[in-house]
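Numbering (the working numbering), first residue to last: 417 to 640.
Please read the structure below before turning to the comments.
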């Protein structure tokens with residue numbers, strides 16, 4: 417599809433899960449040893465290079481802990497993206513959807529594409545569907561820890577952030593742009609310790625990762 421600055425891309429999506437077997441407990445609670453995630457990207461048609469990250473979603477495995485949903489938007493929502501004004505030449509682009517699961521259950525994704533002008537209004541305007549999605553969200557919502565996650569991020573010198581790590585479960589810190597690109601990282605080998613990450617000016621997400629590469633702590637920072 418041809419795109420130029422000021423154009424709007426939009427789609428509706430909702431996420432839920434089905435357990436095809438004997439049901440025990442809440443039907444809305446995610447039960448799996450797999451962590452599942454997906455992302456939607458706008459990419460250049462000719463090269464496949466990502467132009468923008470439109471949407472992302474992840475749910476952690478249940479296992480011994482409570483499942484937890486990480487998502488930019490509500491589980492049922494419209495997603496809209498406006499092409500930046502600096503795109504002054506017509507660019508041909510397409511949508512790329514990435515899906516990923518990791519764990520012992522080997523669960524799989526199923527996909528259904530429906531093109532219709534009333535789908536979003538039908539779901540979003542349906543009180544029964546909204547009530548169901550509210551239950552799904554409540555059963556799988558992330559719960560904030562009152563003791564913190566072991567990392568505090570503050571502004572450093574102009575164009576940088578300081579990540580003060582106190583938890584020995586965090587072995588690496590990374591800074592990501594709003595488009596999902598990693599702009600800097602640092603290994604953590606002692607605790608407590610502070611690590612300066614040069615990012616440049618803008619809005620960034622700083623993540624603390626454990627030795628398995630799982631994000632265990634995040635902080636959003638506006639860097640002058």
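Quick reminder that beta carbons are idealized off the backbone N, C-alpha and C, glycines included.
Take the alpha-carbon of residue 500 and the one of residue 420: they are about 8 angstroms apart. Cβ-Cβ distances below 8 angstroms link residue 489 to 471, 495 in the same chain, with the five nearest sequence neighbours on each side left out; the list follows chain order. Secondary structure of residue 537 (DSSP, three-state): helix.
Contact between the segment 569-580 and the segment 616-631 is present, with at least three C-beta pairs closer than 8 angstroms. Checking the DSSP bridge columns, you'll see residue 497 partnered with 425. A distance below 7 angstroms separates the beta carbons of residue 452 and residue 517. A Cβ-Cβ contact shorter than 7 angstroms links residue 454 with residue 515. Under the DSSP assignment, residue 544 falls in the alpha helix (DSSP H) whose first and last residues are 543-556. Check the Cα spacing between residue 592 and each of 604, 584, 550, 636: the tightest is with 636. Secondary structure at residue 454: strand, using DSSP grouped into helix, strand and coil. With distances taken between CA atoms, residue 630 lies nearest to 588 out of 498, 588, 603.
Between residue 513 and residue 552, the C-beta spacing is not below 7 angstroms.
The beta-bridge partner set that DSSP reports for residue 578 consists of 570, 612. One Cα belongs to residue 417, the other to residue 617, and the distance between them is close to 32 angstroms. In this structure, the straight-line span from the alpha carbon of residue 538 to that of residue 475 is close to 26 angstroms. Comparing alpha carbon positions, the residue from 606, 570, 545, 427 closest to residue 585 is 606. Excluding residues up to 5 positions away in sequence, 640 lie with their Cβ nearer than 7 angstroms to the Cβ of residue 574 in the same chain. Going by beta carbons, residue 497 and residue 425 fall inside the 7 angstroms limit. Beta-bridge annotation (DSSP): residue 638 is paired with 619.
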